[in-house]
Amino acid sequence: MSADPLVVGVDFGTLSGRAVVVRVADGAELGSAVFEYPHGVLDETLPASGRALPPDWALQVPADYVGVLRTAVPAALADAGADPAAVVGIATDFTACTMVPATADGTPLCELPEFEAEPHAYVKLWKHHSAQPQADRINELARTRGEKWLPRYGGLISSEWEFAKGLEVFEEAPDVYAAMRHWVEAADWIVWQLSGVYVRNACTAGYKGILQDGQYPSRDFLRELAPGFESFVADKLEHPLGALGSRAGGLTAEAAAWTGLPEGIAVAVGNVDAHVTAPAANAVEPGQMVAIMGTSTCHVMNGAELHEVPGMCGVVDGGIVPGLWGYEAGQSGVGDIFGWFVEHFAHDGHEQLTRLAARQEIGEHGLVALDWHSGNRSVLVDHELSGVIVGQTLATRPEDVYRALLEATAFGTRKIVETFGEAGVPVTELIIAGGLMKNALLMQIYADVTNLPLSVIGSGQGPALGSAIHAAVAAGAHPDIRAAAAAMGSVQRAVYQPVPAHVTAYDELYAEYTTLHDYFGRGANDVMHRLAARRRAVAKGRS
């Protein structure tokens, strides 16, 4: 057994949580374990009552998150053969914006008998998109009033974020809203369970909670938005902030019993899965965009200056590392689009479809797709947009559509990269993290479409490693995030290079993508919104 100091990083994803045991000195990953959420994503019915959920809902059960602490952390320690006494800190990251309505002591409302059959009492997962009407009203009022915070979010607040989801609860479930003392990011709720201390992390507060220059949207704004909602910040949201990499508290006796870790070790302030991954990829300087590619993709990067980028998810001073502006953008659907197609329309599986698709010349399938099956996060910020595939014939094969979907997500990333560059935040390197980096065809497509060298993170567990880096800083084992990233981060530079002939061919297809993108996404034809409204109306009529 090693006597070297160790830390534990825990990454809470959309379907599972992963724990990794990491050596502080060099970032070596000694052991890991995964716990699949027993309830997964609730998007059809509630577990307690079988109550049907409307379209665009995505909920979770918070007890599943505690299951990760009880199961994956001890299993990772066993896998590492590690002495728990050598562990000096633990840190976590979470999907965002994932919200927990809780009582004053942190009990999720869905765990109270009176609310177990109420959908609004459950965790609203990041991809819960039914608050789009509330987001639309927030955006319209902010534009009308000239709110100075709106440009910091690319001119649009997302339905995924804290205020839209909170307003949805206020308007649709007033009893839940009244019982809710804290509207808590899951990133902070899990730290609360570990340390017994509720600390609001600066990352989600800035990116998802509209906290800019020390202020949230004003009471006047909230009152005009919805009378009675003016006290939302003061009564439900506002709470002391913790800086990234700082110590939230010590591990409680109860959490020590769950995890098998020593009581009192450092518990780091919470963070977002994408943002912790940047230090894990040693991408802490301007121009280095990290794309964390899984069910969705989140793009994060640092900039030396503040710029307003249309359609970005946000820009926060010190949002990734201190001293730089942290930028975020993203795509709501990537891996889950590929998974949807394989599950419902093809039976060969991802590997076989990838092999068949790799044999094709660029454009051979005759297709162009829009990657909006889960809506568009950046740069249109509209979750009522939907997927499109143009060019299908009776000769179209599954591998043709599969490749077109791969390419569509790459086009979506290029749209984000170009928008950042046009706004004065140039991207010089694209670094890939997440499970999809294992697909070499997909990686080469991204290099060719973006005409950028693609680096890949050296870890297959980027967010968990990033959390471990923050745990090391919180424990005082490294002086700051930059130093910890230099010692513990890992990246392989320029693994995929754009092929000039491929770049030229994809430029032509990207022009077609852009035409479709603007036609359906910028108001020329609002058919997607009309179809979404019709679907909601039919579903409401059945309920």
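Per this note's numbering, the sequence shown starts with residue 18, numbered consecutively.
Every residue, glycine too, gets a C-beta built ideally from N, C-alpha and C.
Model, not experiment: these values are computed from the prediction.
Neighbourhood of residue i by C-beta, 8 angstroms cutoff - its chain only, sequence neighbours within 5 removed
i	result
Ala321	Pro303, Leu341 and Trp342
Met18	Bear in mind that a pLDDT of 38 at Met18, under 50, signals an unreliable position, so the model cannot answer this.
Thr109	Gly26, Val27, Asp28, Phe29, Ala204, Ile207, Val208, Leu211, Ala285, Gly287, Asn288 and Ser484
Met197	Pro118, Ala119, Thr120, Leu126, Val186 and Lys253
Ala181	Ala148, Gln149, Gln151, Ala152, Ile155, Ile174 and Ser175
Leu548	Ser403
Buried or exposed (CB count within 10 angstroms, at least 16 for buried), residue i
i	result
Pro257	exposed
His382	buried
Val544	exposed
Arg431	buried
Lys557	exposed
Thr31	buried
Val38	buried
Arg394	buried
Gly538	buried
Ser349	buried
Arg499	buried
Leu526	buried
Asp290	buried
Ser313	buried
Val555	exposed
Nearest-angstrom Cβ-Cβ length linking residue i and residue j, presumed shorter than 8 angstroms
i	j	result
Cys114	Trp178	5 angstroms
Ile448	Val508	6 angstroms
Ile433	Ala298	Not really, about 18 angstroms apart at Cβ, beyond 8 angstroms.
Ile107	Ala488	6 angstroms
Pro327	Val396	6 angstroms
Asp81	Tyr54	4 angstroms
Leu387	Leu533	6 angstroms
Under the three-state DSSP convention, the category residue i falls into
i	result
Trp200	strand
Lys432	helix
Gln478	coil
Cys315	strand
Asp122	coil
Trp342	strand
Pro303	strand
Arg539	coil
Glu61	coil
Glu446	strand
Val473	strand
Gly231	coil
Gln348	strand
Gly366	helix
Tyr194	helix
Ala285	strand
Asp100	coil
Asp593	Missing from the structure shown is residue 593; the chain here goes from 18 to 560 and no further.
Glu322	coil
Tyr215	coil
Asp153	helix
Thr109	strand
Gln461	helix
Tyr224	helix
Lys455	helix
Cβ shell of residue i (< 7 angstroms), same chain only, five flanking positions each side left out
i	result
Trp143	Thr112, Ala113, Cys114, Thr115 and Glu177
Ala265	Val208, Ser212, Val214, Val216, Gly259, Val284, Ala285 and Val286
Ala522	Ile379 and Gly380
Gly408	Gly383, Leu384 and Val385
Cutoff 6 angstroms; reference residue i; Cβ partners in own chain excluding five residues on either side
i	result
Gly84	Phe52
Glu255	none
Glu416	Leu370, Leu373 and Ala374
Ala481	Gly26, Asp28, Arg35 and Val37
Ala190	His137
Tyr530	Val385 and Phe428
Residue-chain proximity (residue i, chain D), Cβ-Cβ < 9 angstroms
i	result
Trp200	The structure shown contains no chain D; it is built from a single protein chain.
Reference residue i, options the options, closest by Cα
i	options	result
Gly356	Val214, Leu47, His367 and Gln348	His367
Val561	Tyr523, Asn456, Pro279 and Gly441	Residue 561 is absent from the structure shown; the chain starts at 18 and stops at 560.
Pro72	Gln478, Tyr344, Gly277 and Ala148	Ala148
Ala518	Leu533, Asp465, Gly479 and His487	Asp465
Pro296	Val58, Ala502, Ile406 and Leu526	Ala502
Gly477	Ile309, Arg162, Gly163 and Leu184	Ile309
Val398	Arg420, Ala346 and Val351	Ala346
Cys330	His546, Phe362, Thr221 and Pro339	Thr221
His145	Glu133, Glu61 and Leu228	Glu61
Leu278	Val444, Glu157, Pro91 and Leu422	Pro91
Pro443	Ser66, Tyr344, Asp353 and Gln514	Tyr344
Asp43	Glu280, Gly540 and Ala504	Ala504
His292	Val307, Gly281, Glu435 and Ile282	Val307
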